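Since the structure comes first, as structure tokens, the remarks are kept for the end.
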Amino acid sequence: MDTEFSQEDLEFQKEVQDFIEENLPKGGDMWSGRSNWFQALKEKGGWDVPKWPVEFGGPGFTPTQRYIFDLEMANHNTPMVLPFGISMLAPILMNYGSKEQQERFLPGIRDHSVNWCQGYSEPGAGSDLASLTTKAVLSEDAKDYIVNGQKTWTTLAQMAQWMFCLTRTSSDGPKQEGITFLLFKMDTPGVEVKPIVTLGGSQTVNDVYLTDVKVPVENRVGEEGKGWTYAKGLLTHERTGLAGIMNSVLALESAKENARSVKVADGTLMDVPAFKNKVGELEVELMALEFTELRTLASVSAGGSPGQESSILKLKGTEIQQRISQLNLEASGIFAAPWGRVNPGPRFSRGAMNGYLSGRANTIYGGASEVQKDVISKNVLEL
Ligand SMILES: Cc1cc2nc3c(=O)[nH]c(=O)nc-3n(C[C@H](O)[C@H](O)[C@H](O)COP(=O)(O)OP(=O)(O)OC[C@H]3O[C@@H](n4cnc5c(N)ncnc54)[C@H](O)[C@@H]3O)c2cc1C
Numbered sequence: 238m239d240t241e242f243s244q245e246d247l248e249f250q251k252e253v254q255d256f257i258e259e260n261l262p263k264g265g266d267m268w269s270g271r272s273n274w275f276q277a278l279k280e281k282g283g284w285d286v287p288k289w290p291v292e293f294g295g296p297g298f299t300p301t302q303r304y305i306f307d308l309e310m311a312n313h314n315t316p317m318v319l320p321f322g323i324s325m326l327a328p329i330l331m332n333y334g335s336k337e338q339q340e341r342f343l344p345g346i347r348d349h350s351v352n353w354c355q356g357y358s359e360p361g362a363g364s365d366l367a368s369l370t371t372k373a374v375l376s377e378d379a380k381d382y383i384v385n386g387q388k389t390w391t392t393l394a395q396m397a398q399w400m401f402c403l404t405r406t407s408s409d410g411p412k413q414e415g416i417t418f419l420l421f422k423m424d425t426p427g428v429e430v431k432p433i434v435t436l437g438g439s440q441t442v443n444d445v446y447l448t449d450v451k452v453p454v455e456n457r458v459g460e461e462g463k464g465w466t467y468a469k470g471l472l473t474h475e476r477t478g479l480a481g482i483m484n485s486v487l488a489l490e491s492a493k494e495n496a497r498s499v500k501v502a503d504g505t506l507m508d509v510p511a512f513k514n515k516v517g518e519l520e521v522e523l524m525a526l527e528f529t530e531l532r533t534l535a536s537v538s539a540g541g542s543p544g545q546e547s548s549i550l551k552l553k554g555t556e557i558q559q560r561i562s563q564l565n566l567e568a569s570g571i572f573a574a575p576w577g578r579v580n581p582g583p584r585f586s587r588g589a590m591n592g593y594l595s596g597r598a599n600t601i602y603g604g605a606s607e608v609q610k611d612v613i614s615k616n617v618l619e620l
């Protein structure tokens, strides 16, 4: 296993850094300059869709180049793109969609003109997703599926124009069979979105009720009953992405900075041994996680796949995110208590409680921690 970058990789890293320096909108231009930024990435040769293969307009990065690219983008806090279309649905369409579906949906995903949401989880089907019961029944003329059921925790459904959705078309045989992957517009009659207000006070997730929703058969991806296979393949990749290691490195640096601004006796909070120990432990664990990611990368570069080790990245990565948000909460002290912007404390304390509470979800979505531990014990440790 080789975790050092080659000379070509280092040259590529410099190319990415120079590109960012030249094209990233500065300061206040960040929001208004978004579309120029994405256009520049596209013109660079598919850098706007770094994970897409060449035949769909992607740059054809090697796994190491992709890692370096992600690293530099996170390091420079570049504009984010919601993952639902570009990272979750697009690969499924590329692998299992028809040519017509690829031509119809990929351009809108790529230019961010169409927002998608992920309709997988249901009230009785989260960790055990294959138990989903939202029913899709073929109409008598076999032109449409009629969908009835409920999806839940659907992130940003209120902003989405389309949903990609797992539905049950058959209850015969094992529950993983008989699941069908459908696409439908969120303004189809019978789709009703109701917000769920989370612990952190935000309205990012929703219940979505589906009552006699008519979905044309041509909006089915792949074969009827094979949706589980299509959805499952992507989960390991989704988990790898959720580790957010570089973001945690930056967040930890900023938490240290915050702690240095809090006066305690003759020094600052960073001089308090109990606090400093927590920071030290996090730095060590983050470094270990970074090497775990590099090991995964080395295996992918050698022709392997991220495999079940992605569960280690998801588990530890999200736990670390939560512990960093706890440091900010501790540094905020009593100023974490006031809710919202009316807060006489330091600037960082304004979002501290919200960040801490919202971050509880990190160890739930994308596969809960207990389930990741199960995967690690069975498939990695072979216990
Ligand atoms: C903020 C947020 C955003 C989300 N966004 C989306 C989205 O956009 N689209 C979507 O489809 N879903 C989304 N989800 C749903 C998410 O995928 C599920 O919440 C997750 O899979 C867990 O399922 P559940 O909530 O039903 O909990 P359950 O599966 O009921 O689990 C409850 C508890 O039991 C534990 N548990 C379950 N099974 C086992 C087991 N076999 N062994 C040991 N412990 C177990 C779990 O770890 C957990 O602690 C989101 C969730 C959150 C919190």
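Note that our numbering has the sequence shown beginning at 238, numbered continuously upward.
Beta carbons are placed, not taken as given, at the ideal position from N, Cα and C, and that holds for glycine.
Since this is a predicted model, take the numbers as computed values, not measurements.
Please list the terminal residues of the continuous alpha helix (DSSP H) segment that includes residue i.
{"i": "residue 561", "result": "547-569"}
{"i": "residue 304", "result": "300-312"}
{"i": "residue 333", "result": "327-333"}
{"i": "residue 274", "result": "271-280"}
{"i": "residue 394", "result": "Premise fails: residue 394 is in no alpha helix (DSSP H) and is neither H nor E."}
{"i": "residue 449", "result": "It is not in any alpha helix (DSSP H) - residue 449 instead sits in the beta strand (DSSP E) that spans 442-453."}
{"i": "residue 529", "result": "510-538"}
{"i": "residue 411", "result": "Here residue 411 belongs to no alpha helix (DSSP H), and DSSP marks it neither H nor E."}
{"i": "residue 251", "result": "244-260"}
{"i": "residue 288", "result": "Where residue 288 is concerned, there is no enclosing alpha helix (DSSP H), given that its DSSP letter is neither H nor E."}
{"i": "residue 606", "result": "606-612"}
{"i": "residue 589", "result": "589-595"}
For residue i, list the residues DSSP reports as bridge partners.
{"i": "residue 482", "result": "Paired residues: none, contrary to the question."}
{"i": "residue 457", "result": "419"}
{"i": "residue 404", "result": "417"}
{"i": "residue 385", "result": "372"}
{"i": "residue 432", "result": "443"}
{"i": "residue 505", "result": "500"}
{"i": "residue 362", "result": "359"}
{"i": "residue 615", "result": "DSSP, once it has assigned bridges, lists no residue as partnering residue 615."}
{"i": "residue 463", "result": "416"}
Sorry if obvious, but does the Cβ on residue i come closer than 7 Å to a heavy atom of ligand 1?
{"i": "residue 390", "result": "yes"}
{"i": "residue 625", "result": "In this structure the chain extends from 238 to 620, so residue 625 is not present and cannot be described."}
{"i": "residue 563", "result": "no"}
{"i": "residue 363", "result": "yes"}
{"i": "residue 593", "result": "no"}
{"i": "residue 384", "result": "no"}
{"i": "residue 486", "result": "no"}
{"i": "residue 228", "result": "Coverage of the chain is limited to positions 238 through 620, which leaves residue 228 absent and any answer about it impossible."}
{"i": "residue 607", "result": "yes"}
{"i": "residue 467", "result": "no"}
{"i": "residue 322", "result": "no"}
{"i": "residue 333", "result": "no"}
{"i": "residue 201", "result": "Because the chain here runs from 238 to 620, residue 201 falls outside it and cannot be looked at."}
{"i": "residue 304", "result": "no"}
{"i": "residue 327", "result": "no"}
{"i": "residue 598", "result": "yes"}
{"i": "residue 554", "result": "no"}
{"i": "residue 611", "result": "yes"}
{"i": "residue 601", "result": "yes"}
{"i": "residue 604", "result": "yes"}
For residue i, count neighbouring C-beta atoms within 10 Å of its own C-beta (all shown protein chains included) and say buried if the count is 16 or more, exposed if not.
{"i": "residue 457", "result": "buried"}
{"i": "residue 328", "result": "buried"}
{"i": "residue 296", "result": "buried"}
{"i": "residue 314", "result": "exposed"}
{"i": "residue 388", "result": "buried"}
{"i": "residue 353", "result": "buried"}
{"i": "residue 298", "result": "buried"}
{"i": "residue 285", "result": "buried"}
{"i": "residue 590", "result": "buried"}
{"i": "residue 243", "result": "exposed"}
{"i": "residue 567", "result": "buried"}
{"i": "residue 521", "result": "exposed"}
{"i": "residue 439", "result": "exposed"}
{"i": "residue 332", "result": "exposed"}
{"i": "residue 597", "result": "exposed"}
{"i": "residue 358", "result": "buried"}
For the beta strand (DSSP E) that contains residue i, what are its first and last residues?
{"i": "residue 357", "result": "Taken as a continuous stretch (DSSP letters only), residue 357 belongs to no beta strand (DSSP E), as it is neither H nor E."}
{"i": "residue 351", "result": "Per DSSP, residue 351 belongs to no beta strand (DSSP E) and is neither H nor E."}
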